[in-house]
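**Student:** Residue numbers (my numbering): 6 to 298.
For glycine and all other residues, C-beta sits at the position ideal for the given N, C-alpha and C.
Please read these numbers as outputs of a predicted model, since none were measured by experiment.
The structure that follows is given in the form of structure tokens.
In structure tokens:
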């Protein structure tokens with residue numbers, strides 16, 4: 006048995022499935038038997054269908070780590086994403102420290118380097134947004150960036166590098182990175198992180214706003230909202246509606262601006278995102294004054 010074969014059998018049994026149960030609608034039971042015994046290599050599309058039926062990410066089937074360790078690692082990765090979104094950088098710093106301690110216990114596994122890169126990525130985010138050390142942040146991101154952007158991780162790093170460039174070098178250079186990341190998403194066969202597309206698209210739209218390209222930004226913002234609603238996600242929805250409110254305000258469309266800003270403020274209240282809530286309140290007050298005139 007190789008790692009994938011053992012993992013399929015492990016997760017099948019963990020789900021309480023027989024080979025017949027798992028194979029149904031995917032492949033012959035005899036094919037699954039040969040895969041689990043290591044006498045047949047499974048195709049990637051077949052692995053994807055198996056992972057969907059087992060209700061686990063595809064990467065669980067590819068990992069050498071025990072399920073408990075893998076689940077713990079995924080928990081820390083999700084916490085890093087949440088702390089970054091909510092701008093809780095002290096919590097992010099603590100989570101990185103705990104995550105680093107965990108992976109050091111598995112330094113002999115092939116996933117070690119991948120997880121180390123993830124930690125480097127998040128340390129670079131802290132260098133950028135908390136420490137304002139743009140040069141060091143850029144240096145760390147370049148050290149882990151694959152220029153071909155083959156994976157979701159590569160796209161995320163490229164997106165973060167675009168944010169550093171936005172702070173350091175301005176919109177035009179940043180937009181090159183965001184556009185590259187956005188184009189790479191379309192080349193991926195599937196996405197595990199459904200927040201990736203709206204995150205990158207939001208940054209592209211933000212640059213369009215800064216360039217005064219309001220039609221392009223508005224079109225992209227509506228696409229983001231449609232994508233989030235189709236996936237039943239609220240992630241970045243408030244920020245996108247806030248952006249639309251700002252665009253309508255700059256275009257002199259104050260009633261529409263007020264509508265979107267109110268929706269954004271409601272979402273920020275639900276998220277308990279105080280920083281964006283207060284920022285939206287300021288924008289609403291300006292729009293209300295303009296409407297009174």
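1. By Cβ distance below 7 angstroms, which residues in the same chain neighbour residue 226 in space, the five residues on each side in sequence not counted?
2. When the Cβ atoms of the region 129–143 are set against those of the region 184–197, are three or more pairs found closer than 8 angstroms?
3. Just checking, does the region 51–60 make contact with the region 232–245 on the three C-beta pairs under 8 angstroms criterion?
4. In the DSSP assignment, the alpha helix (DSSP H) including residue 212 goes from what residue to what residue?
5. Less than 7 angstroms between C-beta atoms, sequence neighbours within five positions excluded: which residues of the same chain meet that for residue 151?
6. Return the CA-CA distance between residue 224 and residue 202, expressed in angstroms with no decimal places.
7. Over the uninterrupted alpha helix (DSSP H) stretch that includes residue 10, give me the two end residues.
8. Between which residues of its own chain and residue 6 is the CB-CB distance below 8 angstroms, once the five residues before and five after are set aside?
9. Cα-Cα, which of 116, 92, 90 and 84 is closest to residue 102?
10. What is the DSSP secondary structure of residue 319, counted as helix, strand or coil?
11. In three-state terms, what does DSSP make of residue 258?
12. Considering just the uninterrupted stretch of the alpha helix (DSSP H) at residue 192, what are its terminal residues?
13. Taking DSSP as the reference, what is the three-state secondary structure of residue 273?
**Tutor:** The short version:
1. Here the set comprises 210, 245, 248 and 249.
2. No, the region 129–143 is not in contact with the region 184–197.
3. Note that the region 51–60 does not touch the region 232–245; fewer than 3 beta-carbon pairs, one per stretch, sit closer than 8 angstroms.
4. Unbroken alpha helix (DSSP H) run through residue 212: 201–215.
5. Apart from sequence neighbours up to five positions away, the residues of its chain that approach residue 151 with a beta-carbon distance below 7 angstroms are 159, ordered along the chain.
6. If you take the alpha carbons of residue 224 and residue 202, they lie about 15 angstroms apart.
7. Its alpha helix (DSSP H) spans residues 8–19.
8. Confidence at residue 6 is low in this model, with a pLDDT of 49, below 50, so the placement of that residue is unreliable and no value is reported for it.
9. Out of 116, 92, 90 and 84, 84 has the C-alpha closest to the C-alpha of residue 102.
10. Any property of residue 319 remains undetermined from this structure, which presents the chain solely from 6 to 298.
11. Here DSSP, grouped into helix, strand and coil, assigns residue 258 to coil.
12. Neither: residue 192 is in no alpha helix (DSSP H) and is coded neither H nor E.
13. Helix.
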